[in-house]
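Engineer: As given, the protein sequences belong to chains A and B, one line each in that order.
In case it helps, UniProt numbering puts the first sequence at residues 1 to 335.
In case it helps, UniProt numbering puts the second sequence at residues 1 to 335.
Backbone N, C-alpha and C define an ideal beta-carbon position, used for all residues, glycine too.
Small disclaimer: the values here were computed from a predicted structure and weren't measured.
To start, I am sharing the structure in question, which I have written as structure tokens.
2 protein chains.
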Amino acid sequence: MLPDLIMDRARKMNCFFLNRHRLDSCKPLIIEDFQVGLITPEVMRQLQEFPDVFVCSEASVQLHPSLNDYKTRSTAVEQVLNQLRKNDVFITLRGWRDECYEVRADISEPSLMRMERAATCLFGIRQFGVDINGYVNHPELGLSLWMQRRSQSKPRWGGKLDNVVGGGLSVGFTVEETAHKEAMEEAGIPEYILKNLQPVGNVMIFFESERGLSPNTEFVYDLEFPVDFVPENQDGEVESFHLVPIKDVLPIVLSDEFKTTSLPVVLDFLVRHGVIDTESDPELGLLSELLHIPLGYFYRRATLGAGPGVPPPPLLPPPLVACMQPAADAEPEDK
Amino acid sequence: MLPDLIMDRARKMNCFFLNRHRLDSCKPLIIEDFQVGLITPEVMRQLQEFPDVFVCSEASVQLHPSLNDYKTRSTAVEQVLNQLRKNDVFITLRGWRDECYEVRADISEPSLMRMERAATCLFGIRQFGVDINGYVNHPELGLSLWMQRRSQSKPRWGGKLDNVVGGGLSVGFTVEETAHKEAMEEAGIPEYILKNLQPVGNVMIFFESERGLSPNTEFVYDLEFPVDFVPENQDGEVESFHLVPIKDVLPIVLSDEFKTTSLPVVLDFLVRHGVIDTESDPELGLLSELLHIPLGYFYRRATLGAGPGVPPPPLLPPPLVACMQPAADAEPEDK
Chain A
1 MLPDLIMDRA RKMNCFFLNR HRLDSCKPLI IEDFQVGLIT PEVMRQLQEF
51 PDVFVCSEAS VQLHPSLNDY KTRSTAVEQV LNQLRKNDVF ITLRGWRDEC
101 YEVRADISEP SLMRMERAAT CLFGIRQFGV DINGYVNHPE LGLSLWMQRR
151 SQSKPRWGGK LDNVVGGGLS VGFTVEETAH KEAMEEAGIP EYILKNLQPV
201 GNVMIFFESE RGLSPNTEFV YDLEFPVDFV PENQDGEVES FHLVPIKDVL
251 PIVLSDEFKT TSLPVVLDFL VRHGVIDTES DPELGLLSEL LHIPLGYFYR
301 RATLGAGPGV PPPPLLPPPL VACMQPAADA EPEDK
Chain B
1 MLPDLIMDRA RKMNCFFLNR HRLDSCKPLI IEDFQVGLIT PEVMRQLQEF
51 PDVFVCSEAS VQLHPSLNDY KTRSTAVEQV LNQLRKNDVF ITLRGWRDEC
101 YEVRADISEP SLMRMERAAT CLFGIRQFGV DINGYVNHPE LGLSLWMQRR
151 SQSKPRWGGK LDNVVGGGLS VGFTVEETAH KEAMEEAGIP EYILKNLQPV
201 GNVMIFFESE RGLSPNTEFV YDLEFPVDFV PENQDGEVES FHLVPIKDVL
251 PIVLSDEFKT TSLPVVLDFL VRHGVIDTES DPELGLLSEL LHIPLGYFYR
301 RATLGAGPGV PPPPLLPPPL VACMQPAADA EPEDK
């Protein structure tokens, strides 16, 4: 039963990646030589109203070539977003955060502009985040994971259970800086514990909800907490913290109680720690794929050319995804 | 320098996956409702000589419908292979092993026939293997990895450095059984150490060499060895064992000394243990993708349909891979 649920959830997290029909109907968003986003037909219809900013064609949506630097682009797109917000055409813009994300083909590539966080999923901009698995080798409970319950007042996924620490990379912060900042703000983790922060890789999913596209890359850390350490929220964004013995983790994270887009980080933890293995779940191979969606397929990068100095491959429509299907009953994101 | 080399090698390991032109020219190999292989034009030309066994069309290569069970298929294909071997048309059949692999769309799917190990890469059959990272927390050297040097007489990659234990899943063995069998045969690891074997996930690559296609899935285990334990080969397939301090691991495994197709397992170990992280290697996200190639794209499985009882999606040609390019200087496999 649980293995079926794991795969069901893994497909849900990747409902956009697995929906070929939807994928084929999107157009790449191009800035300079980079594909930085994916534009759905619904969003395209709105962008066509702003021909000075977005050049829409059969093949792609390009930022107008006259917008040729970071600042000019950021300002022009912000004006469009303000207009769209005023017109109230997109749910997602009601959650305006006044926090900006960088727009780039990959985290190793230059940022080409900044964009309001709430808008990034309209444009299919890659989102990068940091997550910490805070675990305890407890003398009675055994291996256990700390979880947070998000504050009811959070604009998204309010009241849901979540990883003990997690946050998106906003403008001006590196991955490691984000990890330290969020660990402090969300869970009050002091420096003497944080120095044991262990980077363990990353997970990628490609999710779609009624808000838009979420091509998420999460940089993952494991952090062993002292047995007597209790996380304490500092910024009002967490309601409570709970220590969960490892045997109870899967049923909880597979339930509707848990924030869907945080699930890959926990599943990856359970795979790396041998809780999910090929004996318990013969579909482990497929699960690994669904935790590492090849977002590089969709976001073309100059450095992926044949070598330094060699131009990147020509821009082409997104690849066909012929063979993997999402769960039939994909549910709305905030259910 | 090392980050560039890591990505260079990661692309080399996936030279088939990244070569769209090559990928587009292949046809799916179909048995029953499953795509179990990929047939290159060169192999197709040979299979057309055996119309009683292989039905070649524009869309696919199908095993003849009259071959309708495991035994009949295995026997018929073996006869074809014997003929091809006699004609000496494929280098890879010179390395005939008299060891069979199961032919299936995924390890969680039923096996549809068996096939001589040396032939699987002609048909692009998925290969499943097991690898153990044998590590030591050494009082002086710090974290260190045991490696083996393969016997000079091994038919492939003879004399190269390799993971301390690794082997393919042959007919009749599960993943865990293979791990135990290989640990005993290759490195003489006793049961009291093996009981600490920690499953940690899997890696997938899609490699092409002059021998054929290697869509490899490796099930990975970490195993901490006691400081005073020295591996001892039992089956004559290993020349020597070496304990390598972690700081020396990357330069060694990125050199030509190391078996290319074993590299993803080590890179995954280094990522999970924080030796490669996003500070040292900003392309970590892309590396994770290249260590988890979505082989499910290529090998269609009935269970990937919309749910139990729902038929699988129609068979379609392999997806386009539009955006990631292999290293320009892809080298022959056994160099």
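Applying the 10 Å Cβ sphere with the 16-neighbour rule, what's the burial state of R114 (chain B)?
Structural biologist: Label assigned to R114 (chain B): buried.
Engineer: Tell me which residue opens and which closes the beta strand (DSSP E) that D268 (chain A) is part of.
Structural biologist: Counting along the chain, D268 (chain A) falls outside any beta strand (DSSP E), though it belongs to the alpha helix (DSSP H) covering 263 to 272.
Engineer: From the DSSP output, in three-state form, read off N68 (chain B) for me.
Structural biologist: coil
Engineer: Starting from R94 (chain A), trace the alpha helix (DSSP H) in both directions and tell me its first and last residue.
Structural biologist: Where R94 (chain A) is concerned, there is no enclosing alpha helix (DSSP H), given that its DSSP letter is neither H nor E.
Engineer: Please work out which residues of its chain come closer than 6 angstroms, Cβ to Cβ, to M7 (chain A), disregarding the five sequence neighbours upstream and downstream, and give them in chain order.
Structural biologist: E283
Engineer: In this structure, how does DSSP classify L284 (chain B) when only helix, strand and coil are distinguished?
Structural biologist: helix
Engineer: Taking the beta strand (DSSP E) that L18 (chain A) falls in, what are its first and last residues?
Structural biologist: Counting along the chain, L18 (chain A) falls outside any beta strand (DSSP E), and DSSP gives it neither H nor E.
Engineer: Using the beta-carbon count (16 or more within 10 Å), is G129 (chain A) buried or exposed?
Structural biologist: That one is buried.
Engineer: Report yes or no: do the region 130 to 143 of chain B and the region 82 to 90 of chain B share at least 3 C-beta pairs separated by less than 8 angstroms?
Structural biologist: no
Engineer: Would Q127 (chain A) pass as a contact of Y101 (chain A) if the rule is Cβ separation under 8 angstroms?
Structural biologist: Y101 (chain A) sits close to Q127 (chain A), with the two beta carbons spaced by under 8 angstroms.
Engineer: Please classify S74 (chain A): does DSSP put it in a helix, a strand, or coil?
Structural biologist: It is helical.
Engineer: Taking Cβ positions only, does F219 (chain B) come closer than 8 angstroms to chain A?
Structural biologist: yes
Engineer: Buried or exposed for V171 (chain A), please, with buried defined as at least 16 other CB atoms from any protein chain shown within 10 angstroms of its CB.
Structural biologist: It is exposed - the Cβ of V171 (chain A) has fewer than 16 other Cβ atoms within 10 Å.
Engineer: With 7 angstroms as the C-beta to C-beta threshold (strictly closer), list the residues of the region 276 to 289 of chain B near chain A in chain order.
Structural biologist: D277, T278, E279, P282, E283, L284, G285, L286, S288, E289
Engineer: Among B:A76, B:V220, B:R104, B:E237, whose alpha-carbon lies nearest the alpha-carbon of K160 (chain B)?
Structural biologist: B:E237
Engineer: Suppose contacts are defined by Cβ-Cβ distances below 8 angstroms. Is L243 (chain A) in contact with W146 (chain A) by that definition?
Structural biologist: yes
Engineer: Specify, as a first and last residue, the run of the beta strand (DSSP E) that Y221 (chain B) falls within.
Structural biologist: 212 to 224
Engineer: CA-CA distance, G274 (chain B) and L267 (chain B)?
Structural biologist: 11 angstroms
Engineer: Within 8 angstroms of any Cβ in chain A, is that where the Cβ of D106 (chain B) sits?
Structural biologist: yes
Engineer: Would H292 (chain A) pass as an interface residue toward chain B - the criterion being a Cβ-Cβ separation below 8 angstroms?
Structural biologist: yes
Engineer: Would you identify the three-state DSSP class for A10 (chain A), choosing helix, strand or coil?
Structural biologist: Assignment of A10 (chain A) by DSSP, reduced to helix, strand and coil, places it in the helix class.
Engineer: From the beta carbon of A302 (chain A), is the nearest beta carbon of chain B less than 8 angstroms away?
Structural biologist: Because the pLDDT at A302 (chain A) is just 38, under 50, the model does not fix this residue reliably, and the value given afterwards should be weighed accordingly. So no, A302 (chain A) is outside the interface.
Engineer: Taking C-beta to C-beta, are I31 (chain B) and L63 (chain B) nearer than 8 angstroms?
Structural biologist: yes
Engineer: For a test of the three-state rule: what should DSSP assign to G158 (chain B), helix, strand or coil?
Structural biologist: coil
Engineer: I need the boundaries of the alpha helix (DSSP H) containing K181 (chain B), first residue and last residue.
Structural biologist: Where K181 (chain B) is concerned, the enclosing alpha helix (DSSP H) starts and stops at 175 to 187.
Engineer: What in chain A is Cβ-close to Q198 (chain B), meaning under 7 angstroms?
Structural biologist: Neighbours of Q198 (chain B) across chain A, judged by C-beta separation under 7 angstroms: G274.
Engineer: Closer than 7 angstroms by beta-carbon distance: list the chain A residues that pair up with V208 (chain B), in chain order.
Structural biologist: Contrary to the premise, residue 208 (chain B) reads as Glu rather than Val in this sequence. In chain order: nothing, as chain A lies at least about 16 angstroms away.
Engineer: Cutting at 6 angstroms between CB atoms, please list the residues of its own chain near L295 (chain B), excluding the five before and the five after it.
Structural biologist: M204, P215
Engineer: Between the C-alpha atoms of F17 (chain B) and E99 (chain B), what's the straight-line distance to the nearest angstrom?
Structural biologist: 27 angstroms
Engineer: Take V227 (chain A) and list the residues in its own chain whose beta-carbon comes closer than 8 angstroms to its own, dropping the five residues that flank it on each side.
Structural biologist: Cβ within range, chain order: V136, N137, H138, P139.
Engineer: M13 (chain B) versus chain A: which residues are under 8 angstroms apart at the beta carbon?
Structural biologist: By Cβ distance, chain A contributes nothing, its closest Cβ being about 14 angstroms from M13 (chain B), past 8 angstroms.
Engineer: When the Cα atoms are used, what is the spatial distance from S255 (chain B) to S151 (chain A)?
Structural biologist: 51 angstroms
Engineer: For a quick check, are the C-beta atoms of G285 (chain A) and N68 (chain B) less than 8 angstroms apart?
Structural biologist: no
Engineer: Applying a beta-carbon distance threshold of less than 7 angstroms, which residues of chain B neighbour N202 (chain A)?
Structural biologist: Near N202 (chain A) (Cβ distances below 7 angstroms), the residues of chain B are L284, G285, S288.
Engineer: Are the C-beta of G167 (chain A) and some C-beta of chain B separated by less than 8 angstroms?
Structural biologist: No - not a single Cβ of chain B is within 8 angstroms of the one on G167 (chain A).
Engineer: When we look at the beta-carbon of V230 (chain A) and count the other beta-carbons within 10 Å, is it buried (16 or more) or exposed?
Structural biologist: exposed
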